[in-house]
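So the structure is just underneath, and the comments pick up after that.
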Amino acid sequence: MASTYRTIQGDTWDIIAKKVYGEERHLDYLMEHNFPLLDYFIFPAGIELQTPDLPNRQPDDLPEWRKG
Numbered sequence: 395m396a397s398t399y400r401t402i403q404g405d406t407w408d409i410i411a412k413k414v415y416g417e418e419r420h421l422d423y424l425m426e427h428n429f430p431l432l433d434y435f436i437f438p439a440g441i442e443l444q445t446p447d448l449p450n451r452q453p454d455d456l457p458e459w460r461k462g
């Protein structure tokens, strides 16, 4: 389910990823879905970002060290 996030002054991609997805490492996924906003490094207040759900990872998609 896709939803949105409205920025507050000073938000950055990694801060938003942490707030929305729980980990900064998902900032690339967030950026992929908000391509027109890539010129922002530090956001002003009130910008609406698309925050689609992370894709479900299958066990075969995991690196060897994360399997079983």
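Mapped onto my numbering, the consecutive letters of the sequence shown carry residue numbers 395 to 462.
For each residue, glycine too, the CB sits at the ideal point set by N, CA and C.
Could you work out which residue in Leu443, Ala439, Leu421, Ile410 is closest to threonine 398 when comparing CA atoms only? Indexing the sequence shown from 1 puts residue 398 at position 4. Ranking Leu443, Ala439, Leu421, Ile410 by Cα distance to threonine 398 puts Leu443 first.
Taking a contact to mean a Cβ-Cβ separation below 8 angstroms, would you say glycine 440 touches threonine 406 in this structure? The residue labelled residue 440 in the question sits at position 46 within the sequence shown. The residue labelled residue 406 in the question sits at position 12 within the sequence shown. No.
Could you name the residues of the same chain whose beta carbon sits closer than 7 angstroms to that of asparagine 428, not counting the 5 residues immediately before and after it, in chain order? Counting from 1 along the sequence shown, the entry for residue 428 is found at position 34. A distance below 7 angstroms between beta-carbons, with the five flanking residues on each side excluded, links asparagine 428 to the following residues of its chain, in chain order: Leu443, Gln444.
Only counting the same chain, and skipping five residues up and downstream in sequence, which positions put a Cβ closer than 7 angstroms to that of methionine 395? Counted from its first residue, the sequence shown places residue 395 at position 1. Residue confidence for methionine 395 is low, a pLDDT of 49 falling below 50, so the modelled location carries little weight and cannot support an answer.
Report the three-state DSSP secondary structure of isoleucine 436 (helix, strand or coil). Taking the sequence shown and counting its residues from 1, the one referred to as residue 436 is at position 42. DSSP places isoleucine 436 in strand when its eight states are reduced to three.
Should leucine 432 be labelled buried (16 or more other beta-carbon atoms within 10 Å of its own) or exposed? Reading the sequence shown from its first residue, position 38 is the one you call residue 432. By the 10 Å Cβ count, leucine 432 comes out exposed.
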